[in-house]
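Since the structure comes first, as structure tokens, the remarks are kept for the end.
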Amino acid sequence: MAQQTESKISRIIDQQESDILADWTRQLAGGRARSSGSIPEAQLRSEAGEFLNLLRRAVRKSVDDVNGADWQPVREVLGSISRSRGTQGFTPSETAMFVFSLKKPLMARIAAEHGKDAEGLAADTERLTTILDQLGLYTTEIFQLGREDVIRRQQQDMLELSTPVVKLWDGVLALPMIGTLDSSRTQIVMESLLQRIVETGAQLAIIDITGVPTVDTLTAQHLLKTVTAARLMGAECIISGIRPQIAQTIVHLGVELNGVTTKATLADAFAVALQRLGLVISRANHKS
Amino acid sequence: MERIPILRMGEYLLVTIQVDMHDQLALTLQDDLTAAITRYGAHGVLIDISSLEMVDSFIGRMISNIANMSRILDAETVVVGMQPAVAITLVELGLSLPGVRTALNVDRGMRLLGALRHASPAEVADDRSEA
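As structure tokens, then:
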């Protein structure tokens, strides 16, 4: 009995593949009109066709085990479709609808095929539902993974973007910090600063925290660590860009910034740096 | 026994640590250096640790101790050429080496020693107060 019903799903797809495909694409196109995304109909049809073709082959081999090796190609195609949907900004339900909208055309044909055989119809319906539900869940899972990849990549980009060490003058480095300072970021900041000190032989480093939204005890501790490490290497640090609220927070928290030169603006810090190096800025004496 | 050489350069002593320090070596250096400062009447000590790749809390403390001992013996000590990794390790270990003067390389260290030697004490304190 089971063997007989199994072969029916497979046979239905075998015999009516183009009909099902037409129905399905119509459904997808209908859904598409409502959804925000815009996938060309030709692409939709080719994706649907490929998926249905692979589904047909997989169903012929085994009906039950969607996670098995027989279903590998189906999962791969579905994975790449969900990933591309994910990067194009579709919602997870829109992505999952790709699979779920196949239910209707297939269900109608299964019902027609079985006719009055209620038991066979129930068994096949259950099988089909299970398969499509699992595949739908799979799309959501892949979609989520794709999104997480995007987030991870952006985090990495941000990390690299937001910790530049720039040379202001011969022997003066500046480190404009932007964003929240957490442990991993401070580690990178510290390493890149110390590395640049070695490379350039700088005596002074200005750490500008204008772009740091809040300073808590941990952030202050990280800053002090960086200052101390630079001092151990023989370079002096000046902290600049301390906003009024941050100055208040630092005092309220009881953070000791003793022994660290602090300045309100980067310009002030640069002036101090030049003074330490024994340099003077003077107005150009041009005759006009 | 393995020893770290102590070179005399005028009124300064130069210690170049070229091998990875182990505990006994550090203790020997401490003995040798304090003895050498007294013997030569040195006024400045330059410790070059640019080849030192690894430190632990003991070596970190030894560097700090040696610097403080030299200061008591009236010799200013400058530690030069610390590697970034070593600096990070010391900071993470909580050893910020307070009171130890540092410079980026031997050249700068010698200049700093000269400045310390010839400047008045008040001026020096003022100059390095932010460090």
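Going down the list, the sequences are from chains V and X.
The letter at position 212 of the first sequence is residue 1276 when you use my numbering, and the numbering goes up by one with no holes.
The letter at position 90 of the second sequence is residue 170 when you use my numbering, and the numbering goes up by one with no holes.
C-beta: ideal position from N, C-alpha, C; glycine also.
Query: Going straight from the alpha carbon of Ser-1346/V to that of Leu-1338/V, what length do you get?; Result: 12 Å
Query: Leaving out five residues before and five after Ala-1328/V in sequence, what residues of the same chain have Cβ atoms less than 8 Å from its Cβ?; Result: Ser-1304, Gly-1305 and Ile-1306
Query: Considering only the beta carbon of each residue, do Val-166/X and Arg-181/X sit closer than 8 Å?; Result: no
Query: Counting along the chain, where does the alpha helix (DSSP H) carrying Met-1241/V start and finish?; Result: Element bounds for Met-1241/V: not the alpha helix (DSSP H) but the beta strand (DSSP E), 1236 to 1242.
Query: Could you tell me the alpha carbon to alpha carbon distance between Arg-191/X and His-123/X, rounded to whole angstroms?; Result: 14 Å
Query: Should Asp-128/X and Val-95/X be called a contact, given that it needs their Cβ atoms to be closer than 8 Å?; Result: yes
Query: If you measure from the beta carbon of Gln-1285/V to each beta carbon in chain X, is any gap under 8 Å?; Result: no
Query: Taking Cβ positions, are Leu-105/X and Ile-84/X nearer each other than 8 Å?; Result: yes
Query: Could you check what DSSP says for Ser-1346/V in three-state terms: helix, strand or coil?; Result: coil
Query: Considering only their Cβ atoms, is the gap separating Met-1254/V from Met-162/X smaller than 8 Å?; Result: no
Query: Quick check on the DSSP output: the beta strand (DSSP E) that includes Arg-88/X runs from which residue to which?; Result: 86 to 89
Query: Per DSSP, Thr-1326/V forms a beta bridge with which residues?; Result: Ile-1303/V
Query: So, does the region 1228 to 1245 of chain V touch the region 1168 to 1179 of chain V, judging by three or more C-beta pairs under 8 Å?; Result: no
Query: Just tell me which of Ala-1122/V, Glu-1320/V, Gly-1342/V and Lys-1072/V has its CA closest to the CA of Leu-1185/V.; Result: Lys-1072/V
Query: Using a Cβ distance threshold of 8 Å, determine whether the region 1142 to 1156 of chain V contacts the region 1195 to 1208 of chain V, with at least three qualifying pairs required.; Result: yes
Query: For Leu-192/X, write down the residues that DSSP places opposite it in a beta bridge.; Result: Answer is none; Leu-192/X lacks a bridge partner.
Query: Which of the residues in the region 168 to 183 of chain X, read from start to end, lie with their CB under 7 Å from any CB of chain V?; Result: Ile-168, Leu-170, Val-171, Ser-176, Leu-177, Thr-182 and Ala-183
Query: With a Cβ-Cβ cutoff of 8 Å, do Val-1319/V and Thr-1264/V count as a contact?; Result: no
Query: If I measure Cβ to Cβ from Val-1141/V and keep anything under 7 Å in the same chain, skipping five residues before and after, which residues do I get?; Result: Glu-1114, Phe-1115 and Leu-1118
Query: Given Glu-1177/V, which residues of its chain have a CB within under 7 Å of its CB, disregarding the five upstream and five downstream residues?; Result: Lys-1072 and Ile-1076
Query: What does DSSP give as the partner residues of Thr-1203/V in its beta bridges?; Result: Answer is none; Thr-1203/V lacks a bridge partner.
Query: Would you call Gln-1309/V buried or exposed, if buried means 16 or more other Cβ atoms sit within 10 Å of its Cβ?; Result: exposed
Query: Is Met-162/X close to chain V, meaning its C-beta is less than 8 Å from at least one C-beta of that chain?; Result: yes
Query: Can you list, in chain order, the stretches of the alpha helix (DSSP H) that have 4 or more residues and sit fully within the region 1104 to 1135 of chain V?; Result: 1105 to 1125
Query: Among the residues of its own chain, which have a CB less than 7 Å from the CB of Glu-1081/V, if the five just before and after it don't count?; Result: Leu-1116 and Arg-1120
Query: Should the region 1258 to 1273 of chain V be called in touch with the region 1237 to 1247 of chain V, which here means at least 3 C-beta pairs below 8 Å?; Result: yes
Query: 8 Å is my cut-off, CB to CB: does Gly-1265/V come that close to chain X?; Result: yes
Query: My output table needs one value for Ile-1076/V: the three-state DSSP class, helix, strand or coil.; Result: helix
Query: Measuring only between beta-carbons, confirm whether Lys-1327/V sits less than 8 Å from chain X.; Result: no
Query: Is the CB of Met-1297/V under 8 Å away from at least one CB in chain X?; Result: yes
Query: Give, in chain order, every unbroken run of the beta strand (DSSP E) that is at least 3 residues long and sits entirely within the region 86 to 174 of chain X.; Result: 86 to 89, 92 to 96, 124 to 128 and 156 to 160
Query: Looking at the unbroken alpha helix (DSSP H) that takes in Leu-1257/V, where does it start and where does it end?; Result: 1247 to 1264
Query: In chain X, which residues lie less than 7 Å from Val-1262/V when you measure between Cβ atoms?; Result: Pro-164
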